[in-house]
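Below is one structure, written out as structure tokens; comments come after it.
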Amino acid sequence: MKVISNSEAETIKIAKDFAKKCKAGDVILLTGDLGAGKTVFARGFVSALSGDVVTSPTFTIVNTYGGKIPIYHFDLYRINSPSELYEIGVEEYLYGDGICLVEWPERANEVFPKSSKSVRIIKKSNEKREILIK
Numbered sequence: 000m001k002v003i004s005n006s007e008a009e010t011i012k013i014a015k016d017f018a019k020k021c022k023a024g025d026v027i028l029l030t031g032d033l034g035a036g037k038t039v040f041a042r043g044f045v046s047a048l049s050g051d052v053v054t055s056p057t058f059t060i061v062n063t064y065g066g067k068i069p070i071y072h073f074d075l076y077r078i079n080s081p082s083e084l085y086e087i088g089v090e091e092y093l094y095g096d097g098i099c100l101v102e103w104p105e106r107a108n109e110v111f112p113k114s115s116k117s118v119r120i121i122k123k124s125n126e127k128r129e130i131l132i133k
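To convert, note that position 130 of the sequence shown is 129 in numbering that gives the first Met the number 0; the numbers rise steadily by one, no gaps.
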């Protein structure tokens, strides 16, 4: 599915709509260039399912958000190797009772299940984004 967003608010709405279709056990890989809007998308996704406020987990690798289904928001921008994820017990997150949102998954592609969903955000201008959901 391809969707065009013309603002941050639209990206949040798109993410909220997508979140309502997700379930426990889903792994969502968020890709796009720096500043494309991955964290904005995550903010909308998390707010739809938990109401929590999202901050980028860049310095902690993963943040956990509550709700009926826990959401594990990973930011792999600063990892050096997939082994760092195994050190924090990534399998428990990926195969647990929650939903995993992963920014910069290309830094550890081999870790994620083949059944993962993909959200690619392409920055077209300051406000406009093309969002590809598979």
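Just so it is clear, CB atoms sit at the ideal spot from N, CA and C, and this is done for glycine as well. Fair warning: this is a prediction, and the values are worked out from it, not measured in the lab.
Query, Result
"Could you pull out every unbroken alpha helix (DSSP H) segment of at least 4 residues lying fully inside the stretch 62–119, listed in chain order?", "82–86, 89–93"
"With a cut-off of 8 Å, do at least 3 Cβ pairs link the stretch 102–119 to the stretch 84–93?", "yes"
"Closest to Thr181 by C-alpha separation, out of Leu48, Val53, Ser49, would be which residue?", "What is shown of the chain runs 0 to 133, which leaves residue 181 out entirely."
"What are the residues that DSSP puts in a beta bridge with Arg128?", "Ser4, Lys122"
"Consult DSSP for Leu48 and reduce its assignment to one of helix, strand or coil.", "helix"
"Which residues share a DSSP beta bridge with Thr30?", "Arg119"
"Could you give the distance in angstroms between the alpha-carbon of Asn62 and the alpha-carbon of Phe73?", "7 Å"
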